[in-house]
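Novice: The structure is given below, and queries will be raised subsequently.
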Amino acid sequence: AGNPMARMAEPNADPRDGIVLRIHESTGRPAPANVSTLWPITGAIGTNATEETSRTVPTSDDGVALPLEPFEIATLRVMPRAATESSAATESSAAPGAELGPRAEPAQPVYSQYWMHNKGAAPLGYQPVTVQVRPRFVRGGGPYRVEAIVASGRPDAATPGTVTVVAPPGWTASPPSRLFTLAPGAHLVLESTLTPANDARPGRYFAAARIEDQSGQVHEDVLTIDHDPVLAGWDGTGRGETIAERPLLGQAMARAMRRAEPAADAEGAGGAEPAREPGSELEVAMLTRQIDLAAGERDAIRVRLRNLTLGEIRGEAQIISPHETWSAITPWTQGFAVGPEDETTVDFAVEPPHDHRGGTYWALVKVMFFGRLQYTESIRARMTGAVVRERPRAATPVGAPVSS
114 AGNPMARMAE PNADPRDGIV LRIHESTGRP APANVSTLWP ITGAIGTNAT EETSRTVPTS
174 DDGVALPLEP FEIATLRVMP RAATESSAAT ESSAAPGAEL GPRAEPAQPV YSQYWMHNKG
234 AAPLGYQPVT VQVRPRFVRG GGPYRVEAIV ASGRPDAATP GTVTVVAPPG WTASPPSRLF
294 TLAPGAHLVL ESTLTPANDA RPGRYFAAAR IEDQSGQVHE DVLTIDHDPV LAGWDGTGRG
354 ETIAERPLLG QAMARAMRRA EPAADAEGAG GAEPAREPGS ELEVAMLTRQ IDLAAGERDA
414 IRVRLRNLTL GEIRGEAQII SPHETWSAIT PWTQGFAVGP EDETTVDFAV EPPHDHRGGT
474 YWALVKVMFF GRLQYTESIR ARMTGAVVRE RPRAATPVGA PVSS
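With the working numbering applied, the sequence shown corresponds to residues 114 to 517, in that order.
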């Protein structure tokens, strides 16, 4: 109870405050909802979705009876007697409660502008403190000026931490980090200078601004740098967003519109970013052509990731397939890191359980990094269900009665 996450507050809830139930009437007709537990209920309170209101709901030895209007979504907080009787023991116990589930995303670091990866809801923890880097793209010879912006969305308490500017290997960031304690709703800006290594080759690099939340989860935003020593002394600031960050549809539209525009010097210091085709930073190739397995057998879906830049690429690879296959393909998502001009292989194990019903499905892999999206081609995934054989019945002796 308490629903602190709804207002971005400290997520540690006290179980002594009761258990919150969300009850949905889905048929469009008035209906009674009956709630019962293994323990007697000492009290029940009706409230709203953020638990900011309260009204007493009658209880009995059998539980709680709550009338619902058509399509109503009711929020009910109930207090089982066991929670009340054990409160004194809970207060005196120093042992932490058991973890009911993961507190961090499988892929680390978490890209702070998660919506650009088209994943839907915010990452675990809901990012009560966020980090952003400005500008998002620069092209020049350096040094490069960068701003790391940290903002708190928490309403209840100050948030301590450290923001760090992570430079490409061999480069330096000055200053590299800053300690902070943000009041509720406050923000700060760390201004840092990135200086390229003396032997830095021309090409694309990435720098990051990072923070760590209270669950040990790392969040980062990324600056894309097209480094060209010929442009020494020009820091490339004042630029717009990089086309590589737009979804593939946006890239296609930008290319189509560019053909209709007058020719421009896109390579000049003040011009637009040179167009980059999808896959010009990370080459994604589906290595598995098809899956054909029987229940209990094992194979893998393999994807090769080849980094075509001079900076490390960190991201997430997610399997996309019909829900009938979810128990057979693991993990559902995983992180990856590919070094400069290096390659790696990401594997998803395919092992239909022995009770799998079988069928012919499809599967593909979605690759996300630094606000970019790529999808592999889909492959056929055929899974043969388990064969159930009935035991032969014993022969009935001649003349013996036959039971019906």
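Note that CB positions come from ideal geometry on N, CA and C, so glycine has one too.
Within 10 angstroms of the Cβ of G409, are there 16 or more other Cβ atoms? Answer buried if so, exposed if not.
Specialist: Residue mapping note: residue 409 aligns to position 296 of the sequence shown, counting from 1. With fewer than 16 Cβ atoms within 10 Å of its Cβ, G409 is classed as exposed.
Novice: Just to confirm, are L344 and V246 a CB contact at a threshold of 7 Å?
Specialist: On the sequence shown, residue 344 is found 231 positions in, with the first residue counted as 1. On the sequence shown, residue 246 is found 133 positions in, with the first residue counted as 1. It is not a contact, given that the beta carbons lie outside the stated cut-off.
Novice: Would you report the Cα separation of P273 and E437, rounded to the nearest angstrom?
Specialist: Here the question's residue 273 lines up with position 160 in the sequence shown. Here the question's residue 437 lines up with position 324 in the sequence shown. Cα-Cα distance, rounded: 44 Å.
Novice: Can you tell me where the beta strand (DSSP E) holding K232 begins and where it ends?
Specialist: Taking the first residue of the sequence shown as position 1, residue 232 is located at position 119. Per DSSP, K232 belongs to no beta strand (DSSP E) and is neither H nor E.
Novice: Kindly indicate which residue of E456, G498 and K232 has the alpha-carbon position closest to the one of A441.
Specialist: By one-based count along the sequence shown, residue 441 stands at place 328. Nearest C-alpha to A441: G498.
Novice: My output table needs one value for D334: the three-state DSSP class, helix, strand or coil.
Specialist: Sequence index remark: in the sequence shown, residue 334 carries index 221 (1-based). Strand.
Novice: Quick one: using the 10 Å Cβ neighbour count with 16 as the cut-off for buried, is G253 buried or exposed?
Specialist: Along the sequence shown, read from residue 1 onward, the residue named residue 253 stands at position 140. Its Cβ being crowded by 16 or more others within 10 Å, G253 is buried.
Novice: Count the other CB atoms within 10 Å of the CB of H137; is the residue buried (16 or more) or exposed (fewer)?
Specialist: Counting from one through the sequence shown, the residue named residue 137 turns up at place 24. Under this definition H137 is an exposed residue.
Novice: Take Q487 as the anchor and find which of E260, L179, F461 and E429 has the nearest alpha-carbon.
Specialist: Position 374 of the sequence shown, counting from 1, holds the residue named residue 487. Ranking E260, L179, F461 and E429 by Cα distance to Q487 puts E429 first.
Novice: Secondary structure at P342, three-state DSSP: helix, strand or coil?
Specialist: Position 229 of the sequence shown holds residue 342. DSSP places P342 in helix when its eight states are reduced to three.
Novice: Which of the three DSSP states is assigned to G131 in this structure?
Specialist: Taking the first residue of the sequence shown as position 1, residue 131 is located at position 18. Here G131 sits in coil by DSSP.
Novice: Which residues in the same chain as M192 place their Cβ atom closer than 6 Å to its Cβ, once the five residues preceding and following it in sequence are excluded?
Specialist: Taking the first residue of the sequence shown as 1, we reach residue 192 at position 79. Taken in chain order, the residues that qualify are G131, T155 and G156.
Novice: Could you tell me the boundaries of the beta strand (DSSP E) in which D405 lies?
Specialist: Counting from one through the sequence shown, the residue named residue 405 turns up at place 292. First-last of the beta strand (DSSP E) with D405: Q403 to A407.
Novice: Between the C-alpha atoms of E325 and V331, what's the straight-line distance to the nearest angstrom?
Specialist: Position 212 of the sequence shown, counted from the first residue, corresponds to residue 325. Position 218 of the sequence shown, counted from the first residue, corresponds to residue 331. If I take the Cα positions, the gap works out to 4 Å.
Novice: Would you decide whether I338 is buried or exposed? Buried here means 16 or more other CB atoms lie within 10 Å of its CB.
Specialist: Locating residue 338 in the sequence shown gives position 225, counting from the first residue. Result: buried.
Novice: I'd like the span of the beta strand (DSSP E) that includes P145, first residue to last.
Specialist: Here the question's residue 145 lines up with position 32 in the sequence shown. Unbroken beta strand (DSSP E) run through P145: A144 to V148.
Novice: Should D412 and R495 be called a contact, given that it needs their Cβ atoms to be closer than 7 Å?
Specialist: Reading the sequence shown from its first residue, position 299 is the one you call residue 412. Reading the sequence shown from its first residue, position 382 is the one you call residue 495. Not closer than 7 Å, so no.
Novice: Looking at the strands, I want to know which residues DSSP matches up with Y474.
Specialist: One-based indexing of the sequence shown puts residue 474 at position 361. Answer is A494, bridged to Y474.
Novice: Alpha carbon to alpha carbon, how far is E185 from P241?
Specialist: For the purposes of this step, residue 185 is identified with residue 72 of the sequence shown, where counting begins at 1. For the purposes of this step, residue 241 is identified with residue 128 of the sequence shown, where counting begins at 1. Using only the alpha carbons, I get a separation of about 30 Å.
Novice: Between the C-alpha atoms of W475 and W152, what's the straight-line distance to the nearest angstrom?
Specialist: To locate residue 475, count along the sequence shown from 1; it is residue 362. To locate residue 152, count along the sequence shown from 1; it is residue 39. Straight-line Cα distance between these residues: approximately 47 Å.
Novice: Tell me the DSSP bridge mates of R317?
Specialist: Here residue 317 refers to the residue found at position 204 of the sequence shown. Per DSSP, D339.
Novice: Roughly how many angstroms lie between the CA atoms of D174 and P183, to the nearest whole one?
Specialist: Position 61 of the sequence shown, counted from the start, is the residue given in the question as residue 174. Position 70 of the sequence shown, counted from the start, is the residue given in the question as residue 183. D174 and P183: Cα-Cα distance of roughly 27 Å.
Novice: Please state whether DSSP places H467 in a helix, a strand or coil.
Specialist: Indexing the sequence shown from 1 puts residue 467 at position 354. Coil, per DSSP.
Novice: Which residues does DSSP pair with S265 in a beta bridge?
Specialist: Within the sequence shown, the letter at position 152 stands for residue 265. DSSP lists V242 as partners of S265.
Novice: Are three or more beta carbon pairs between the stretch 417 to 426 and the stretch 307 to 317 nearer than 8 Å?
Specialist: Yes, the stretch 417 to 426 touches the stretch 307 to 317.
Novice: Could you have a look at E437 and say whether DSSP puts it in helix, strand or coil?
Specialist: Taking the sequence shown and counting its residues from 1, the one referred to as residue 437 is at position 324. It is helical.
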